[in-house]
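Quick notes on the structure that follows.
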Amino acid sequence: MVVAGDGRYDTNLGPDSESFRWFMPDQPFRSLAPQTLMRDYYEPRLIAKLMDCTQDGNCARVLHPVPPVAGLNRQLPTVRITEVKPIRPGWAQVNIEVNETSDAGSGRKSGVYGVKLLMNNREVSRDPDDSSAKPSTLNEWRQANLSPPGDDQGNRYWGLEVQLPTDGKPLQFSAYSFNSDRVKSDTARLAWTPPQGPLAMPPRVRRAFVLTIGVNDYSESRLALNFAVPDAQLISQRLASIPGYEMRHASLTTARLQGGSVRSVTREDIDKALGILAGFPPGPYQTELKAAGFDASALDNATPDDIVIISFSGHGFADTSGNFALVPSNARWPVTDAGPQADTVIDAAQLTMWLRAIKAQEIAFIIDACHSGAAVNTPDFKPGPMGDPGLGQLAFDKGLRILAATQADDVALENASLAQGFLTAALGEGLTPTGGPADLNRDGKVLLDEWLRYAVARLPSLNEEVRRGGGAMAARGVRLVMRAPSAAPPKSQEPSLFDFNSAPSPVALRGQP
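Reminder that position 142 of the sequence shown reads as 901 in my numbering, one-by-one numbering, no gaps.
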């Protein structure tokens, strides 16, 4: 842990650590949990930022002033998990009580805003749950997360239904809420073992859903790519089998058909495939996808016994505010515009909505597209229980692993000598039918997170090897989002892995789990 003179801090202990507490001058006999001041005072990479900005003389611009804590509502609601009870095979109801508190001296109340429920440290339910809410101010956040009125004592009660894994292992439930200033309460925890007997559900078959998306062909012909479809094919090949799982593959890729027509991958196609995984009835969407030329018969509603791996290769775009979107075939991007039209792309909010609804045990999302780091690394993102909207917050809350091909302000290249995008080529190299160099600790297994981390470590050197070898770069379409050329030496593409899990993935892609 490190603390600067103005109180901002960085730590790897986690927001619920009991290794340190806050003491404030106006309340010297009361200690507060770390997350109380996390939103304003937590500064990831604090030491590096201080060293860099001190050297450059721009700390006032890079490190925005922290607000005084005197006006912050530090009165926190108290949360209890009162009961977990089975309601039908494979499902339980978790009863939560949240009590509003008040300060006897000032009369200030905590308020109760929203509640989040986690199972084995991953979010499984929340209330309110408005997927369309995109609050940007504190007042908007309060409106979107205001809890229902409580009883005469200000207490609120929730009964949240949760789908359970069927392996019979003990589960750890946890819950928390927020006060009126978006400060997180202490976390309530309860260990629970699923029942045996009539309410026990027979073990489900564990399934691995692999959805690969590759977009070479665009309605705007100048956007055409060469190797996005081969990227999708390579990921599908490398994940042809995963030990212990029934494989369920589906692929959405563009294609040149007989007669000169083109099979597109539209925004609607991607929505339907994600919607099936997220819990919508599969039949109608499968029928519509089949009519569009795609076989989605292997897709189904994901359960907590399943894993989901999604890859997208194609164009990505981030606007000047850092808002990221995937660019499907039918996106409209007039040549005179700096970016695609917002209503024709799949933005991060839409991705967040679908991914939040997927109930899989493990989810990995691979984005081989320009500016893909902006999918998570938005200007205000901090990895912690902030209660914010966005894909980064979801990655933290749900344990979602996101591998992005580039930093938020950079491009992703495809290469003719590799016949792949660089990120996908690194992934393909890391995983072989018998294991591969992604077995970083040489234990005979390649875990899901090892595979993703291998690509992060390998891509810069792969880029350099290709450059030294004189491989021809095929950056078609990328020119629309690349920065102006400069005399500076070429910069290696730097991928980003957003993985906020405290433990390695339990999914072994090769070897026995």
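Even for Gly, the Cβ is constructed at its ideal location relative to N, Cα and C. These numbers were taken from a predicted model, which means no experiment stands behind them.
In this model, Val988 and Ala1164 are separated by some 16 angstroms (Cα to Cα). Rounded to whole angstroms, the separation of the alpha carbons of Glu1209 and Gly1203 is 12 angstroms.
Ala1055 and Leu1048 do touch by the CB rule: their CB atoms are close to 4 angstroms apart, below 8 angstroms. For Val874, the closest C-alpha among the options Asp862, Thr896, Lys893 and Ser939 is that of Ser939.
As the crow flies, the alpha-carbon of His1008 is around 7 angstroms from that of Leu1058.
Comparing alpha-carbon positions, the option among Val838, Gly1098 and Gly1146 lying closest to Glu859 turns out to be Val838. Straight through space, the alpha carbons of Gln922 and Thr1062 are spaced by roughly 8 angstroms. Beyond the five residues adjoining it in sequence on each side, Gly1270 comes within less than 6 angstroms, by CB distance, of Gly1203 and Lys1204 in the same chain, given in chain order. Shown here, Phe1155 sits in a helix according to DSSP, grouped into three states. Distances from the CA of Ala1107 to each of Arg941, Pro1093 and Ala1077 were compared; the closest alpha carbon is that of Ala1077. CA-to-CA, the gap between Arg885 and Leu876 works out to about 6 angstroms.
Counted as a single uninterrupted DSSP element, the alpha helix (DSSP H) harbouring Phe1181 occupies residues Phe1181 to Gly1189. Contact between the stretch 1022-1032 and the stretch 990-1008 is not established, with fewer than three Cβ pairs separated by less than 8 angstroms. Only residues of its own chain outside the window of five on either side were considered, and among them Val1135, Ile1161, Phe1257 and Phe1259 have a CB closer than 7 angstroms to the CB of Ala1154, listed in chain order. DSSP places Gly1034 within a helical segment (H, G or I) once states are collapsed to three.
Taking 8 angstroms as the upper bound for CB-CB distance, Arg997 and Asp1065 are not in contact here, some 19 angstroms apart.
The alpha helix (DSSP H) runs of length 4 or more contained entirely in the stretch 974-1010 are, from start to end of the chain, 987-997.
Under DSSP, Ala1084 forms a beta bridge with Phe1076 and Asp1106. Distance from the CA of His823 to the CA of Leu1206, rounded to the nearest whole angstrom, comes to 39 angstroms.
Inter-residue distance for Cys812 and Tyr768 is about 16 angstroms (C-alpha atoms, whole angstroms). Taking 8 angstroms as the upper bound for CB-CB distance, Gly1187 and Ser1072 are not in contact here, some 12 angstroms apart. Fewer than three Cβ pairs drawn from the stretch 941-952 and the stretch 977-992 lie within less than 8 angstroms of each other, which leaves the two stretches out of contact. Inter-segment contact for the stretch 852-868 and the stretch 956-974 is absent: fewer than three beta-carbon pairs are separated by less than 8 angstroms. Taking 7 angstroms as the cut-off, the beta carbon of Val825 is found no closer than this to the beta carbon of Tyr801. In this structure Leu1011 does not touch Pro845 by the C-beta definition: roughly 38 angstroms separates them, more than the 8 angstroms allowed. For Ser1070 against Ile994, the beta-carbon gap comes to about 5 angstroms, under 8 angstroms, which counts as contact. Rounded to the nearest whole angstrom, the CA to CA distance from Thr1111 to Val843 is 28 angstroms. In the displayed model, Arg1201 falls within coil according to three-state DSSP, outside both helix and strand.
In the DSSP assignment, Thr841 falls within the unbroken beta strand (DSSP E) covering Thr837 to Arg847. The stretch 829-837 and the stretch 859-873 touch, with three or more beta-carbon pairs separated by less than 8 angstroms. Counting every other CB atom within 10 Å of its CB across the protein chains shown gives Glu920 a total below 16, marking it as exposed. With fewer than 16 neighbouring CB atoms inside 10 Å of its own CB, Asp862 falls in the exposed class. Less than 7 angstroms separates the beta-carbon of Ala1090 from that of Val1104. For Pro924, the closest C-alpha among the options Pro848, Tyr1213, Asp945 and Leu796 is that of Pro848. Under DSSP, Leu796 takes part in no beta bridge, so it has no partner.
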